[in-house]
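**Q** Right, I'll just put the structure down here and ask away after.
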């Protein structure tokens, strides 16, 4: 990839000229070494912008076509749900560059769960300032800080995860959607993030939801961020070097047996030696994504960013994308409602029960779906007499 170099007056924090070439040791790109002789007492600051590859430019062109096809030109009643992740910030950058009028008229909605990483709030401000687009921020109802949250709802470690997600994310997001009079919801979901998203459609008509980043890969995102100077979370700049693996369910705990190292730049701009150190650490973790502090952990550089999300929980989504959009038409055309409405009949069925089984939350959810028709079209195939030989 081509590299454009910009020379600017440096700040006191700029490294000496002799070290400037290290800024260009970016894996997968042309290594550019420049010797600069500045006037006495002065220096230079170098910034690089890597040109987009043809493949990435093709995805940007596809993105532009999708925005033109599905969004109104004035952006009205359009909502983008941002968590200030790298993909979210690239979306804002793309909109600012190619569709400023749409970006101006739409709403960015951000939820402060009161359990975010401090660096998330920092990059949020950077994105808002750089692209001139303040977000509509919402918090859990009736609280303004974490102490108030604990007093009102409880400690996040003691709450049921579904309850925590509802009060801290889903309910505030529902309020935001109502305030924005939402017609179209935009997400930053990508197909490469997890198996649950591998068949993600760009446009979901039944939900009026647009997923314009669906075809982008993690590599696409960081390449674009580097090329366009998109702000990213400073938490990407740290490596956690260990002498032995640490269980994913424990990586959120304090005082772990690892060495936290400031790489001075996002880990993806570093060589393997820079990440692992010399001699190389047995295992090294980095943060590839940022959610709530108690459900997010660092992962190995080669792992998906979603691997570090919702650790210790049997789910992969917080509910914002699954519990705040209306359902589409039922599969099969009609719901098969199997709930017994007659009170006397329901009582008789209960009294005839010969065995009770305790279900966990996931199992209870599946059982609940059966009678309300979520598995349509199943007009009765679950009944034993219909399936027995």
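Residue numbers (the numbering used here): 17 to 405. Virtual Cβ for every residue (Gly too), placed ideally from N, Cα, C. For clarity, every value in this text was computed on a predicted model and none was experimentally measured.
Would you call residue 383 buried or exposed, if buried means 16 or more other Cβ atoms sit within 10 Å of its Cβ?
**A** exposed
**Q** Enumerate in chain order the residues of its own chain whose CB-to-CB distance from residue 298 is below 7 Å, with the five nearest sequence positions on each side excluded.
**A** 258, 259, 260
**Q** Quick check for students: name the residue ranges of the beta strand (DSSP E) that lie wholly in the region 68 to 97, counting only runs of 3 or more.
**A** You should have 94 to 97.
**Q** Kindly list the residues whose CB is nearer than 8 Å to the CB of residue 320, restricted to its own chain and excluding five residues on each side of it in sequence; keep chain order.
**A** 208, 209, 210, 234, 304
**Q** What are the partner residues of residue 308, as DSSP defines its beta bridges?
**A** 132, per the DSSP bridge assignment.
**Q** Reducing DSSP to helix, strand and coil, say where residue 113 ends up.
**A** Of the three classes helix, strand and coil, the one that applies to residue 113 here is helix, per DSSP.
**Q** In this structure, does DSSP put residue 286 in helix, strand or coil?
**A** coil
**Q** Just confirm the distance between the C-beta atoms of residue 143 and residue 197, as a whole number of angstroms; I'd bet it's less than 8 Å.
**A** No, residue 143 and residue 197 are not in contact; Cβ-Cβ is about 24 Å, not under 8 Å.
**Q** Using a Cβ-Cβ cutoff of less than 6 Å, which residues in the same chain neighbour residue 78 once the five nearest sequence positions on both sides are dropped?
**A** Counting only Cβ-Cβ distances below 6 Å, and skipping sequence neighbours, we find nothing.
**Q** Where does residue 232 fall in DSSP's three states?
**A** coil
**Q** Report the three-state DSSP secondary structure of residue 378 (helix, strand or coil).
**A** helix
**Q** Tell whether a beta-carbon distance below 8 Å holds between residue 159 and residue 130.
**A** yes
**Q** Check whether the Cβ atoms of residue 268 and residue 310 lie closer than 8 Å to each other.
**A** yes
**Q** Classify residue 360: buried if its beta carbon has 16 or more other beta carbons within 10 angstroms, exposed otherwise.
**A** exposed
**Q** Please check the pair residue 354 and residue 386, which I expect to be a contact at CB under 8 Å, by giving their CB distance rounded to whole angstroms.
**A** 7 Å
**Q** Mind reading off the beta-carbon distance from residue 12 to residue 103? Whole number of angstroms is fine, and I expect it under 8 Å.
**A** The structure shown does not extend to residue 12, since the chain is modelled only from 17 to 405, so the question has no answer here.
**Q** Out of 200, 276, 85, point me to the one whose CA is closest to residue 125's CA.
**A** Ranked by how close their Cα comes to the Cα of residue 125, the residues 200, 276, 85 have 200 in first place.
**Q** Taking the alpha-carbon of residue 185 as reference, which of 372, 373, 308, 316 has the nearest alpha-carbon?
**A** 308
**Q** Does the count of Cβ pairs from the region 133 to 153 and the region 171 to 181 closer than 8 Å reach three?
**A** As far as the Cβ criterion goes, the region 133 to 153 does not touch the region 171 to 181, which means the pair count is below three.
**Q** Going by the CB atoms, is the gap between residue 315 and residue 282 shorter than 8 Å?
**A** For residue 282 and residue 315, no; Cβs fall outside 8 Å.
**Q** Where residue 286 and residue 140 are concerned, what is the direct C-alpha to C-alpha distance, given to the nearest angstrom?
**A** If I take the Cα positions, the gap works out to 24 Å.
**Q** Check each candidate in 183, 380, 363, 369 and name the one with the smallest Cα separation from residue 127.
**A** Comparing Cα positions, the closest option is 183.
**Q** Using the Cβ count rule (16 or more neighbours within 10 Å means buried), how would you classify residue 154?
**A** buried
**Q** If residue 279 sits next to residue 306, beta carbons under 8 Å apart, how far is it from one beta carbon to the other, in whole angstroms?
**A** That belief does not hold up - the Cβ atoms of residue 279 and residue 306 are roughly 16 Å apart, past 8 Å.
**Q** Between which two residues does the alpha helix (DSSP H) containing residue 366 stretch?
**A** Judged by DSSP secondary structure, residue 366 falls within the alpha helix (DSSP H) whose first and last residues are 359 to 367.
**Q** Starting from the C-beta of residue 334, find all residues in its chain whose C-beta is less than 6 Å away, skip the five residues before and the five after it, and write them out in chain order.
**A** Caution applies to residue 334, whose pLDDT of 45 falls short of 50 and renders its modelled position unreliable; the value that the coordinates give is listed next. Around residue 334: 181, 185.
**Q** Since residue 114 contacts residue 80 with CB under 8 Å, what's their CB separation in whole angstroms?
**A** Contact annotation, residue 114 with residue 80: C-beta distance approximately 6 Å; criterion of less than 8 Å satisfied.
**Q** Look at residue 156 and residue 134 and say whether their C-beta atoms are less than 8 Å apart.
**A** no
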